[in-house]
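Residue numbers (this note's numbering): 396 to 644.
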């Protein structure tokens, strides 16, 4: 979509938010100063994709897709607000960098971070995305998701090799995932960045769905020297944050 069209779409959303009973094409185009023909084309596309709704009087109003997106954004913001103090406390105890990520298609998106004062070599930052199959965070989502959903994702992956430890086939990854689900945590053993070792755990909501994942990351030897303590702490944080988000077991 061209920048000009994208700007017009945003203006239409903002405009209709002030009219809960909706407006006709003529009202929208007149008040926004757009040509009726181009307005009709934009509204048609938005309607077909669920971003707008039209009633029997041919009045357009904000649609169900926007409600879903709003709820998703609100959920992520709520998770961040609840999780950040826990991430900071966990970082202080483990003395390692703690990340939180959410799932976006076939990647994980980093949404929160507590930086350790100790050295950690990683290019992961808030807002960055990483492949789902070679990160501890991503493998948590894969291990706990529905079988059909997991198959759909895995069948679309090209399994790019980042290091000598990267799983490069669906079969190799599935073998890992069985173990990860059983033990309740996932591991990234230098699979996307040389020297980086991560231990990741799931965060569940009230419907028992994994809505986020947490990881402790650091140099491999340093992480292995306190691996059991890290696992115990990360599982504890997983249970606590899940409980705060409604997963009462």
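Positions of the beta carbon are idealized from the N, C-alpha and C atoms, including for glycine. Small disclaimer: the values here were computed from a predicted structure and weren't measured.
Same chain, Cβ closer than 7 Å to residue i, neighbours up to 5 away in sequence not counted
i, result
"residue 637", "598, 599"
"residue 439", "none"
"residue 396", "Legend: pLDDT at residue 396 = 49, less than 50; position of this residue unreliable, value from coordinates given subsequently. Contacts found: none."
"residue 572", "534, 537, 538"
"residue 478", "495, 507, 636"
"residue 542", "none"
Per-residue burial, residue i [other beta carbons within 10 Å of its own, 16 or more giving buried]
i, result
"residue 544", "exposed"
"residue 431", "exposed"
"residue 531", "buried"
"residue 508", "buried"
"residue 441", "buried"
"residue 418", "buried"
"residue 533", "buried"
"residue 613", "buried"
"residue 633", "buried"
"residue 629", "buried"
"residue 336", "Residue 336 is absent from the model: the chain starts at 396 and stops at 644."
"residue 580", "buried"
"residue 485", "buried"
"residue 540", "buried"
Contacts around residue i, its chain only, beta-carbon distance under 6 Å, and the 5 residues preceding and following it disregarded
i, result
"residue 547", "none"
"residue 618", "592"
Opening and closing residue of the alpha helix (DSSP H) in which residue i lies
i, result
"residue 536", "531-539"
"residue 419", "Element bounds for residue 419: n/a, residue is neither H nor E."
"residue 631", "622-639"
"residue 432", "431-443"
Own chain, CB closer than 8 Å to residue i, minus 5 neighbours either side, in chain order
i, result
"residue 524", "499, 502, 503, 504, 505"
"residue 411", "417, 418, 423, 447, 455, 456, 457"
"residue 391", "For residue 391 there is no data in the structure shown, the boundaries of the chain being 396 and 644."
"residue 551", "501"
"residue 615", "584, 585, 590, 591, 592"
CB of residue i within 8 Å of CB of residue j, strictly
i, j, result
"residue 587", "residue 611", "no"
"residue 538", "residue 576", "yes"
"residue 489", "residue 626", "no"
"residue 475", "residue 492", "no"
"residue 562", "residue 529", "yes"
"residue 641", "residue 601", "yes"
My parser needs the beta strand (DSSP E) runs of 3 or more residues fully inside the region 448-521; what are they?
455-457, 492-499, 502-509
Could you name each continuous alpha helix (DSSP H) segment of 4 residues or more that falls completely within the region 526-612, going from the start of the chain to the end?
Secondary structure remark: continuous alpha helix (DSSP H) runs of at least 4 residues inside the region 526-612, in chain order: 531-539, 542-549, 565-578.
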